[in-house]
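To convert, note that position 668 of the sequence shown is 668 in the UniProt record's numbering; the numbers rise steadily by one, no gaps. Idealized CB from N, CA, C, for every residue including glycine. Keep in mind that this is a model prediction, so the values were computed, not measured. Worksheet for the structure shown next.
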Amino acid sequence: MVLQDHRDVKDQRVYAPIESNSKLSKVGPTLEDRMKQYRESVEQPSQYWARVAKQNFFWKTLWESDDSVFSFNFDKSKGPIDIKWFDGATTNICYNAVDRHIEEGKKDKVAFYWEGNDVGETSAVTYGQLHDEVSKLAYLLKTKYGVVKGTRVSIYLPMITLGPIAMLAVARLGAVASVVFGGFSAHSLSARIIDSESTVLITAEGTMRGDKPIQLKKIVDEALTDAEAQGVACKAIVFERHGRDGVPMKEGRDVWYQDEIAALPAEAASTPVEWVEAEHPLFLLYTSGSTGKPKGLEHTTGGYMVYAHTTFTTTFDYHDDDVYFCTGDIGWITGHTYATWGPLLAGSTSVLFEGVPTHPTPSRWWDIVDKFKVTQFYTAPTAIRALMKGGEAPVKKTSRASLRVLGSVGEPINVEAWNWYYNVVGEGHCDIVDTWWQTETGGHMITPLPGNTPLKPGSASLPFFGVQPALLDPTTLKEVEGAGEGLLVIKHSWPGQSRTIFKDAERFAQTYFPVDGYYMTGDGARRDADGYYWLTGRVDDVLNVSGHRLGTSEVECAVNTHPDVVESAVVGIPHDVKGEGIYVYVCFKEGVEITQKLLDSVKAIVRNEIGAIATPDAVHPANGLPKTRSGKIMRRILRKIAAGQLDELGDISTLADPSVVEELIALKAVWV
Ligand code: 6R9
Numbered sequence: 001m002v003l004q005d006h007r008d009v010k011d012q013r014v015y016a017p018i019e020s021n022s023k024l025s026k027v028g029p030t031l032e033d034r035m036k037q038y039r040e041s042v043e044q045p046s047q048y049w050a051r052v053a054k055q056n057f058f059w060k061t062l063w064e065s066d067d068s069v070f071s072f073n074f075d076k077s078k079g080p081i082d083i084k085w086f087d088g089a090t091t092n093i094c095y096n097a098v099d100r101h102i103e104e105g106k107k108d109k110v111a112f113y114w115e116g117n118d119v120g121e122t123s124a125v126t127y128g129q130l131h132d133e134v135s136k137l138a139y140l141l142k143t144k145y146g147v148v149k150g151t152r153v154s155i156y157l158p159m160i161t162l163g164p165i166a167m168l169a170v171a172r173l174g175a176v177a178s179v180v181f182g183g184f185s186a187h188s189l190s191a192r193i194i195d196s197e198s199t200v201l202i203t204a205e206g207t208m209r210g211d212k213p214i215q216l217k218k219i220v221d222e223a224l225t226d227a228e229a230q231g232v233a234c235k236a237i238v239f240e241r242h243g244r245d246g247v248p249m250k251e252g253r254d255v256w257y258q259d260e261i262a263a264l265p266a267e268a269a270s271t272p273v274e275w276v277e278a279e280h281p282l283f284l285l286y287t288s289g290s291t292g293k294p295k296g297l298e299h300t301t302g303g304y305m306v307y308a309h310t311t312f313t314t315t316f317d318y319h320d321d322d323v324y325f326c327t328g329d330i331g332w333i334t335g336h337t338y339a340t341w342g343p344l345l346a347g348s349t350s351v352l353f354e355g356v357p358t359h360p361t362p363s364r365w366w367d368i369v370d371k372f373k374v375t376q377f378y379t380a381p382t383a384i385r386a387l388m389k390g391g392e393a394p395v396k397k398t399s400r401a402s403l404r405v406l407g408s409v410g411e412p413i414n415v416e417a418w419n420w421y422y423n424v425v426g427e428g429h430c431d432i433v434d435t436w437w438q439t440e441t442g443g444h445m446i447t448p449l450p451g452n453t454p455l456k457p458g459s460a461s462l463p464f465f466g467v468q469p470a471l472l473d474p475t476t477l478k479e480v481e482g483a484g485e486g487l488l489v490i491k492h493s494w495p496g497q498s499r500t501i502f503k504d505a506e507r508f509a510q511t512y513f514p515v516d517g518y519y520m521t522g523d524g525a526r527r528d529a530d531g532y533y534w535l536t537g538r539v540d541d542v543l544n545v546s547g548h549r550l551g552t553s554e555v556e557c558a559v560n561t562h563p564d565v566v567e568s569a570v571v572g573i574p575h576d577v578k579g580e581g582i583y584v585y586v587c588f589k590e591g592v593e594i595t596q597k598l599l600d601s602v603k604a605i606v607r608n609e610i611g612a613i614a615t616p617d618a619v620h621p622a623n624g625l626p627k628t629r630s631g632k633i634m635r636r637i638l639r640k641i642a643a644g645q646l647d648e649l650g651d652i653s654t655l656a657d658p659s660v661v662e663e664l665i666a667l668k669a670v671w672v
């Protein structure tokens, strides 16, 4: 494994927590307050988490003893990888996220302010309304589709309130949701429906992204036909978002959501919850790894619930009257934990936005912030960098006075973007929480806490309660003590940890526990003398494009489906907005004439196979790829050529044919 460093200049400044936030902070105003709680959480993890879990949730039945709320084995040599939290207890997360708040008098509190793609399209859903809608959909799923505890239900939707409603309805029945990002292609969607063996898909006929209409149903038709051909018969419930004209519906397979809901009996509004074990699966979320097809990471009910709520309320220092806005799509883990479960479990009011930050103007997000008086705002560095390009004026036009906390997630935030976020968006009155975590971790792992933790731009700072990070030397695989750099691993389980890969426990063990006793994150990090962590990027072949995870092999597989391609190699290149761009080397078949059209067709095939987020930034024709004598592609060299760092190619003498390097450089001069 190679440590890379994607960071730019190091800003040595340390920013004290915002004073007004310190006065509010539930953890306390000083780092010592945080450390005291941290020490308790790692010295007595059972007691700590038992206390948290009892305080904030309803359990139908409790776990056996507070002395052992968890058990885990991270060491393959001692037996199978096994992670359990609150085992023996029973609960229902939908009950905790909706019904419970109603019983506590929050029936008329707004759960979601929804803001559509176009200005003027807006609505609000209270907890009472949410309960009715969730109940009805659960009733429909149960009575018409036979969805029961454990059934997998796929969800493929734009950012409309039906997204969280569908996730809640599925969980109400103890069924297992698999949300697929609405920007994914038919192929990606069908692969996920097939792997999860979903029997129902909840979707919409279309959406708008800025000026661009997206016909989701067309993609769905292709995906469902494909799934059926491969033995997975999946039905579709289609939400009418813009209209039914010209939308083909397949008899016996597709129905309109609105028609079905309108036809339900009155009792549908009070569908009871299904109590499930704490370790019962809650959802699958497919994510990219360094090899093979995307893996369906499985999260379970009790631990995820406790972790989502605790991290949400703590990292954003959530208070009862706050209005929170997360721009993450429900198709990603950020949209699961921090646009859906965390905010709902806390009984918060949050904003759900369907559109893009630049439509109709680049002030859109800040207009929304002012409209709903948003207090906490959570987005990704790539979006901040894109908005930075448009200058300060669109931001300055708005007030943003309500903001207290600005969150960042998805990739390391570069110092320029951090400063812009802090000074321009936050005008120096907001703490920035740079939250490091992963699909696999379920929730925040390393993060500052508002009003509490001094901020160093570019550092995610300190571990969250209960989280025990360590750095391993990449050569010796021994722990690095004190300040230093290495592979970031976690030594002890935490409640939000993913339990397995759906149908592939072996891959889960191999991928995440290659070193006995540690959960391997796949990221590299540096720890400074204050114990602050500085994430340095992936150490494996996973790309991070605009905060989205993509495997190099996944993109290569897509390129290789091109009829003129013999083989390909994909590497990341630094990109000033996306963070990382996709650079594809392609060897075409003998006799194929290289033209711009041909190179464009390679881009198109990747877009069609995976989705627009995977569209390559550059296609570099190659006569051969630099390989070792044992046939291993030397990506290090490909990365350097792509980035134009020709004086840093290093030793190329171990290549089977060193002349390919010169050829590649010459071809780059002509085509890229
Ligand atoms: C939540 C999410 C996980 C990967 C992770 C890391 C990168 C996320 C980061 C960050 C530096 C941060 N990452 N947050 N790197 N600083 N604050 O993004 O999950 O899509 O699974 O991606 O994203 O490389 O390993 P996921």
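At a Cβ-Cβ threshold of 8 Å, I330 and K136 do not count as neighbours. In this structure, the CA atom of S568 is about 27 Å from the CA atom of I194. G611 and Q44 have their C-alpha atoms roughly 45 Å apart.
In chain order, the residues positioned with their C-beta nearer than 7 Å to some heavy atom of the ligand 6R9 are T287, W332, I333, T334, S408, V409, G410, E411, P412, I413, D434, T435, W436, W437, Q438, T439, E440, A460, T521, G522, D523, L535, G537, R538, N544, G547, H548 and R549. If the five residues before and after W366 are omitted, its C-beta is found closer than 7 Å to the C-beta atoms of V395, T398 and R400, all from its own chain and listed in chain order. When secondary structure is reduced to three states using DSSP, W365 falls in the helix class.
If you look at R100, you'll find it in the alpha helix (DSSP H) that goes R100 to E103. A166: member of the alpha helix (DSSP H) spanning L162 to R172, first to last residue.
The residue from H548, V306, R549 and H319 with its alpha-carbon nearest to that of T375 is H319. R152 sits away from E274, with the two beta carbons spaced by 8 Å or more. Checking the DSSP bridge columns, you'll see I582 partnered with G572. Around the beta carbon of H131, a 10 Å sphere encloses 16 or more other beta carbons of the protein chains shown; the residue is thus reported as buried. Secondary structure at R244: coil, using DSSP grouped into helix, strand and coil. Within its own chain, the residues whose Cβ lies closer than 8 Å to the Cβ of Q258, once the five positions on either side in sequence are excluded, are F239 and E240, listed in chain order. When the five nearest sequence neighbours on each side are left out, the beta carbons in the same chain lying within less than 6 Å of the beta carbon of P281 are those of V176, E298 and T300, in order along the chain.
In this structure, DSSP gives I237 an extended state, which the three-state scheme calls strand. Between the alpha carbons of S363 and Y15 lies a gap of roughly 27 Å. Note: S350 is bridge-paired with F112 and Y324 in the DSSP secondary-structure output.
By alpha-carbon distance to F465, the top candidate from G496, S601, E440 and L285 is G496. Taking each of I605, F86 and L62 in turn and checking the Cα distance to P563, the smallest one comes out for I605. Here the segment 542 to 551 lies against the segment 380 to 395, with 3 or more beta-carbon pairs under 8 Å apart.
Judged by DSSP secondary structure, E298 falls within the beta strand (DSSP E) whose first and last residues are K295 to T300. Residue pairing for K84: DSSP places it in a beta bridge opposite S71. Shown here, D118 sits in coil according to DSSP, grouped into three states, outside any helix or strand. Residue nearest to A97 within the set A89, D87, F86 and F112 is F112 (criterion: CA-CA distance). In its chain, beyond the 5 residues on either side, G581 have a beta carbon closer than 6 Å to the beta carbon of H575. In the three-state scheme derived from DSSP, where H, G and I count as helix and E and B as strand, D254 is classed as strand. Of the residues G128, G644, G650 and V42, the one whose Cα lies closest to the Cα of I573 is G644. By the neighbour-count criterion, in which 16 or more other beta carbons inside 10 Å mark a residue as buried, P469 falls on the buried side. A contact between stretches requires three or more CB pairs, one per stretch, nearer than 8 Å, and the segment 304 to 311 meets this requirement with the segment 429 to 446. Within the same chain, no Cβ atom closer than 7 Å to the Cβ of G120 is found once the five residues on either side in sequence are excluded. One alpha carbon belongs to L477, the other to W49, and they sit about 30 Å apart. Per DSSP, reduced to three states, the secondary structure at P469 is strand. Residue range A505 to Y512 is occupied by the alpha helix (DSSP H) that includes A505. If you compare the alpha carbons of F58, E19, P658 and A669 with that of A346, the shortest gap goes to F58. In this structure, G484 lies away from I413, with their beta-carbon atoms at least 8 Å apart.
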